[in-house]
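Only one structure is covered here, and it is reproduced in the block below.
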Amino acid sequence: MPATAASRRGNKMVSWCDLQMQRCMLVFDISGYSLLKGLDAGKFIRSSTFSVGGHDWCIRFFPNEGATQEGKGYCVVYLEMMSKTTYVMARFDLRLLDQTTRLSKVFVNVKEPMVYKYANSTWGNQKFKKSNELEMSPYLKDDRLVIECDITVVLGLPVSASDTMCEIEVPSSDLPDDLGKLLESEKRADVTFKVEGEVFHAHKFVLAMRSPVFEVELYGPMRDNRRRNIIVDDMQPGVFEALLHFIYTDLPAMDDVAVEENN
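Numbering-wise, the working numbering comes out as the position in the sequence shown, counting from 1, plus 126.
In structure tokens:
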């Protein structure tokens, strides 16, 4: 029997990930900026550690050129993840505070979340701002520099919840139809019933499986193993045929058989 569209439908696997974020402004206030001019190129200072989104962060500042040749002549600022947690996603921007207007200007803007794969991994710009321009700017005043980092950490990674919604639709059983065909074909029949001269062929195992009465008659302790022909009295052939059909297929209902017998 060909499978219907419903019977071909299998499991439905549903997974969801409810992403949430935590946002915070990190401020690295550096007083005595001129004292940092003695640092060698590639050397840096760190801010204290900030906890955002369940992870530790800091701002790393290179006053005299970054760790690469590309940063030569520039001061460099990075956002650094201090935690040992892997695969943390965060987006951020790095700013300098104008100490005249008290307004911040964004120099690095990472709009898409970046992945921090390991501890002490950093993101930023190797050409944050030219060192000579910084010293002449309103961002450096009274030997004080204020670096800000607006960070948003994506929570709940990398684990997502999952569930299985079983929508298994089992096709209807073909067993009643198959047994009905077996009864009609009389194939491998091993018992015969004679009702008012009319002969009906059936199968012992089906009758015993479906009827306790036939089980005792065919397989009980008083059975006759050589007996293959059974005579049925006090029943019309049509009623017995309907009874056999019901035993094999569950159809028709027994009430219908009773009505036919009464008629």
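Using N, Cα and C, we set each Cβ at its ideal position, and we do this for glycine too.
To which residues does DSSP link residue i through a beta bridge?
| i | result |
| --- | --- |
| H181 | V178 |
| L271 | I156, L266 |
| I277 | C150, F218 |
| S230 | L223 |
| K255 | C201 |
| R172 | R186 |
| N355 | T318 |
| N246 | DSSP lists no partner for N246. |
| F326 | F319 |
| V332 | Looking at the DSSP assignment, V332 forms no beta bridge with any residue, so it has no partner. |
| V236 | F218 |
| V241 | M215 |
| E206 | C184, T248 |
With a threshold of 16 other CB atoms inside 10 Å of the CB of residue i, please say whether the residue is buried or exposed.
| i | result |
| --- | --- |
| K210 | exposed |
| I390 | Residue coverage of the chain in this structure runs from 127 to 389, which leaves residue 390 outside it and unanswerable. |
| Y213 | exposed |
| Y265 | buried |
| V140 | exposed |
| S298 | exposed |
| L229 | exposed |
| L377 | exposed |
| L369 | buried |
Just to check my reading of the structure: residue i and residue j have Cβ atoms closer than 8 Å, yes? What is that Cβ distance to the nearest angstrom?
| i | j | result |
| --- | --- | --- |
| Y200 | K255 | 6 Å |
| I273 | V203 | 6 Å |
| V317 | V358 | Not really, about 12 Å apart at Cβ, beyond 8 Å. |
| E393 | F331 | Not covered by the structure: residue 393. The range shown for the chain is 127 to 389. |
Beta carbon of residue i, beta carbon of residue j: below 7 Å?
| i | j | result |
| --- | --- | --- |
| L305 | Y374 | yes |
| D224 | V232 | no |
| S160 | D269 | yes |
| M222 | N190 | Position check: residue 222 holds Leu in this sequence, whereas Met was assumed. Contact flag unset, no. |
| G179 | L281 | yes |
| M207 | W183 | yes |
| A334 | L344 | yes |
| M215 | V234 | no |
| C275 | L162 | no |
| F170 | F188 | yes |
Meets three-Cβ-pair contact criterion under 8 Å: the segment 253-270 and the segment 303-319 = These segments do not touch.
Answer yes if the segment 142-160 comes into contact with the segment 243-254, meaning at least three C-beta pairs across the two stretches below 8 Å, and no otherwise.
-> Of all C-beta pairs linking the segment 243-254 to the segment 142-160, fewer than three are shorter than 8 Å, placing the two stretches out of contact.
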